[in-house]
Amino acid sequence: MNKFMEMLENVLLPIADKLNNNRYLTALRDGFMVALPLIIFGSIFVVIANLPFLDRVISEDAFAAYQSALGPASAATLSIMGMFVIIGIGYKLTEHYENEAIYGGVVALTAFLILTPQVLEGLTGVIPTVSLGAQGMFLGIFTAFIAAELYNFFVRTDWTIKMPAGVPQAVSRSFSALIPITLTLSVFLIIRIIFSYTGFDTVQNFIYTIIQQPLTQLGSGLPATIVAVLLIQVFWFFGLHGQIIVNSVFDPIWYTLNEQNLSAFQAGTELPNIVTKQFIDSFIVGMGGSGMTLAVIILIFIIGRSRQMKELGKLGAPAGIFNVNEPIIFGLPIIMNPLIIIPWLLAPVVVTIITYFAMATGLVPPPAGVIVPWTTPVVLNGFLATGNAWQGGLLQAVNLVVVMMIWWPFLKIMDKSYYEKEKAAKKS
Amino acid sequence: MKHILLACSAGMSTSLLVSKMKEVAEEKGIDVKIWAVAQDKVTKDIEQADVLLIGPQMRFLKKKLAKLADEVNVHLDVIDPTAYGRIDGEAVLNRALELMEEAN
Numbered sequence: 072m073n074k075f076m077e078m079l080e081n082v083l084l085p086i087a088d089k090l091n092n093n094r095y096l097t098a099l100r101d102g103f104m105v106a107l108p109l110i111i112f113g114s115i116f117v118v119i120a121n122l123p124f125l126d127r128v129i130s131e132d133a134f135a136a137y138q139s140a141l142g143p144a145s146a147a148t149l150s151i152m153g154m155f156v157i158i159g160i161g162y163k164l165t166e167h168y169e170n171e172a173i174y175g176g177v178v179a180l181t182a183f184l185i186l187t188p189q190v191l192e193g194l195t196g197v198i199p200t201v202s203l204g205a206q207g208m209f210l211g212i213f214t215a216f217i218a219a220e221l222y223n224f225f226v227r228t229d230w231t232i233k234m235p236a237g238v239p240q241a242v243s244r245s246f247s248a249l250i251p252i253t254l255t256l257s258v259f260l261i262i263r264i265i266f267s268y269t270g271f272d273t274v275q276n277f278i279y280t281i282i283q284q285p286l287t288q289l290g291s292g293l294p295a296t297i298v299a300v301l302l303i304q305v306f307w308f309f310g311l312h313g314q315i316i317v318n319s320v321f322d323p324i325w326y327t328l329n330e331q332n333l334s335a336f337q338a339g340t341e342l343p344n345i346v347t348k349q350f351i352d353s354f355i356v357g358m359g360g361s362g363m364t365l366a367v368i369i370l371i372f373i374i375g376r377s378r379q380m381k382e383l384g385k386l387g388a389p390a391g392i393f394n395v396n397e398p399i400i401f402g403l404p405i406i407m408n409p410l411i412i413i414p415w416l417l418a419p420v421v422v423t424i425i426t427y428f429a430m431a432t433g434l435v436p437p438p439a440g441v442i443v444p445w446t447t448p449v450v451l452n453g454f455l456a457t458g459n460a461w462q463g464g465l466l467q468a469v470n471l472v473v474v475m476m477i478w479w480p481f482l483k484i485m486d487k488s489y490y491e492k493e494k495a496a497k498k499s
Numbered sequence: 092m093k094h095i096l097l098a099c100s101a102g103m104s105t106s107l108l109v110s111k112m113k114e115v116a117e118e119k120g121i122d123v124k125i126w127a128v129a130q131d132k133v134t135k136d137i138e139q140a141d142v143l144l145i146g147p148q149m150r151f152l153k154k155k156l157a158k159l160a161d162e163v164n165v166h167l168d169v170i171d172p173t174a175y176g177r178i179d180g181e182a183v184l185n186r187a188l189e190l191m192e193e194a195n
C-alpha cells in the first residue's frame, strides 16, 4: 500500500508543479485574482438588489427604480469581468518577463477590443458589453496571452528609432513602448481583417463556436464536474492543494457559465446552467473547505470519545466555519490515510450529484451568478449563491447531514482506535 | 530581530500558525517578526525575511521558490504536515530557528 501511494505521489507532485508553475496558468489565475474584488463588489449589490420579499413589501414601480439604481454596480464589474481578467493576464505575464507591466495590461485589452465586434444590431460606435463578459471570455484569455507574448517579444528584440545625437534621452525613451505596441496591435488588426472575409465574420464568433461553446458545454455537464471534484479530492489526499491546481484549468469554464447565469438572473429569464463557479465554491468547497470537512468536525463533536479527536475538533472548528480546513486535513489526518479514502472521495461526489439533481428538478434554484467570497460560512453561502433563495441554504444543510452519514462508520473506527490507544497508554 | 515568513495558497491557514508561533515566541522571549502571505505575494515579501516556510499543501512551489530564496539568501523549508495539522507553533518556530542556526 505504501509503495503504491509513494508511486502515486511521484506522479501527482510533478503535475501539481507543472500546473501551478506554468506561466500562462499562473497569469490566468492571477488575472482572475485581479478581477475578484470587483466581482465581489458587483455581487454584493446584486444580492442587495434582490433582497427576499422586498418586491412584496414595496410597490412594483419603487422596486424597479430600486433595482435600476443599483444596476450599474454589477454592470460595471460582474457583467464585463472578462475585461479585468484580460488586463490582469497581460499585466502579470509582462511582469513575469520583467518588462513594464502596465503596458502589457493595456496592450492585451486593446488587442481584445480590436478583435471585438463594434456594432450592435446595426448600431455602430458601441462595444457590446456581452462581448466583454461571458461571450468574450475565452477569446479574451487567448488574446491576452498572445498580445502579452508578442509585446514582450518585440520589447526583447529592442527595435528602437535611432535618434540623431543631441536629441534628449527622454525623447527616445518615450518611443520605447511605442514600437512594440504598434507592432503587436497591428498583428491583431490584420487578424480581424482576415476574419471578416471568413464565414465566421468575427474572431469572437470563431473562438466562441469552435472552442468556448464545446468546452463550456462539456464543463457544465455532470460527468466532467464529478471528474473535477474527484481530482480536487485526490490531490488533497496527497496533501496537495487540489482546489488551486484544478481551478487553474477549470476557472475559465466555470466563470463563463457563471456569467451566463448572472445575465439570465438579472433579465429574469431561466438560468441556463447548474454547474458554475459558485456551484463548486459554495456547494462543494463552501461546506467547511475541500472535502466538506465541517461535517467531519460536527461529527467529531457528536461521536468523538478519544482525546485526540476532541482536541482536533476544537482546534479545527473556528477555522472550519470559514472554510479553512488545513488543521483537519493534516491533523485527522486525511492525507495518506487509507481508512479515510472512501468517505473522502465518495462524499463530495454524492453531494455533487444530489445538488445537481436538486437544481435540475427545480427543487432548488441554480446559482444566480453572484460570486460569494469563499470564506462565507455554510448555509449563508448557499443562500447567497442561489440569489437569496432559502432553498440554497437548506440544501447545504441537507448535504452536510449526508456527508456526516457517509463519514460516520469510518470516523467511528478511527475514534475507537485512538481511544483504545489512549486507554492503553494510561494503564501502562 | 529575526524575520520568519510563512506562505500558503491564500495565507489563511498559515496565519493560524503564525498566531500560535507568536505566542510561543513571546513566552520564550525570542525577538522575531512572523507573518503569513498568499503565495503570489512571496516575491515581494521574501526580501524582508530570513526564513521562508511554505505550507505542506503548497509544497509543489518549493522548486520555484527555492530559486528565488537562493537569490536573496533566504532559508526555505516545507512545514512538517503533522505540525501543520496540530497548528504546533512551537515545533514550527523551533524548525525556523534551527534553519537560521544551520546557516551560521
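Respectively, the protein sequence lines represent chains Y and V.
Our numbering puts the first residue of the first sequence at 72, with every later residue one more than the last.
Our numbering puts the first residue of the second sequence at 92, with every later residue one more than the last.
From the three backbone atoms N, C-alpha and C, an ideal C-beta is built for every residue, glycine too.
For Y:K74 and Y:S361, the rounded distance between their alpha carbons:
26 Å
Cα separation between Y:Q288 and Y:P343?
11 Å
Enclosing beta strand (DSSP E) for V:V123 [first to last residue]
V123 to A129
Consider the Cβ of Y:A144: report whether some Cβ of chain V lies at a distance smaller than 9 Å.
no
Do V:I170 and V:L156 have their C-beta atoms closer together than 9 Å?
no
Going by DSSP, what residues sit across from Y:H312 in a beta bridge?
According to DSSP, which records beta bridges pairwise, Y:H312 is partnered with nothing at all.
Against chain V, does Y:M430 count as a neighbour if the rule is that its beta carbon must be under 9 Å from one of theirs?
no
Y:K348 burial status per 10 Å Cβ neighbour count (16 or more: buried)
buried
Rounded to the nearest angstrom, what separates Y:T181 and Y:I315 at their Cα positions?
29 Å
So Y:N396 and Y:T426 are in contact, right, with Cβ under 8 Å, and what is the actual spacing, rounded?
Not confirmed; about 19 Å, so no contact.
Quick one: measure Cβ to Cβ for Y:N505 and Y:S319, integer angstroms, because I've assumed they're closer than 8 Å.
No information on residue 505 of chain Y is available, as it lies outside the stretch 72 to 499 that chain Y covers here.
Same chain, Cβ closer than 8 Å to Y:A390, neighbours up to 5 away in sequence not counted
N396, E397 and P398
Give a yes or no on contact between the segment 154-169 of chain Y and the segment 93-103 of chain Y, applying the rule of three or more CB pairs nearer than 8 Å.
yes
Simplified DSSP state of Y:T195, which is helix, strand or coil
strand
For the segment 113-152 of chain Y, list the beta strand (DSSP E) runs that are entirely contained and at least 3 residues long, ordered along the chain.
none
Below 7 Å between beta carbons is the criterion; list the residues of the segment 154-166 of chain V that meet it against any residue of chain Y, in chain order.
K154 and K155
Would you report the Cα separation of Y:G204 and Y:N452, rounded to the nearest angstrom?
24 Å
Nearest-angstrom Cα separation, counted from Y:Q284 out to Y:T148:
23 Å
Would you report the Cα separation of V:A187 and Y:L311, rounded to the nearest angstrom?
22 Å
Who are the Cβ neighbours of Y:I250 in its own chain at under 6 Å, not counting the five residues just before and after it?
W230
Thinking C-beta only, is V:L108 closer than 9 Å to V:I178?
yes
Select from Y:L125, Y:A179, Y:V128 and Y:M380 the residue whose C-alpha is nearest the C-alpha of Y:F27.
In the structure as shown, chain Y begins at 72 and stops at 499. Residue 27 of chain Y is therefore absent and cannot be evaluated.
Simplified DSSP assignment, three categories, for Y:L109
helix
Endpoints, the alpha helix (DSSP H) within which V:K93 is located
Careful: V:K93 lies outside any alpha helix (DSSP H), inside the beta strand (DSSP E) at K93 to C99.
Quick one: is Y:Q189 near chain V, going by C-beta distance under 9 Å?
no
Return helix, strand or coil for Y:L83, following the three-state DSSP convention.
helix
Which chain V residues are close to Y:E171, counting only those with a beta carbon under 9 Å from its beta carbon?
By Cβ distance, chain V contributes nothing, its closest Cβ being about 17 Å from Y:E171, past 9 Å.
Would the beta-carbon of Y:I412 fall within 9 Å of that of Y:W307?
no
In whole angstroms, what is the alpha-carbon distance linking Y:S377 and Y:G402?
14 Å
Taking contact to mean 3 or more Cβ pairs, one atom from each stretch, closer than 8 Å, check whether the segment 110-121 of chain Y and the segment 436-445 of chain Y are in contact.
yes
Comparing the CB of V:L143 with every heavy atom of the ligand ZN, is any distance shorter than 8 Å?
As far as ligands go, the structure on display features none, and thus does not contain the ligand ZN.
My understanding is that V:D131 touches V:M92, with C-beta atoms under 8 Å, so please give their C-beta distance in whole angstroms.
V:D131 to V:M92, Cβ: 26 Å. No contact.
Assess, as a yes-or-no matter, whether the segment 138-154 of chain Y is touched by the segment 166-177 of chain Y under the definition of 3 or more beta carbon pairs within less than 8 Å.
no
What are the residues of the segment 177-190 of chain V that lie near chain Y, defined by any Cβ-Cβ distance shorter than 9 Å?
R177 and I178
Taking 9 Å as the threshold (beta carbon to beta carbon), is V:S100 in contact with chain Y?
yes
Residues of chain V with CB closer than 7 Å to the CB of Y:D101, please, in chain order.
D131
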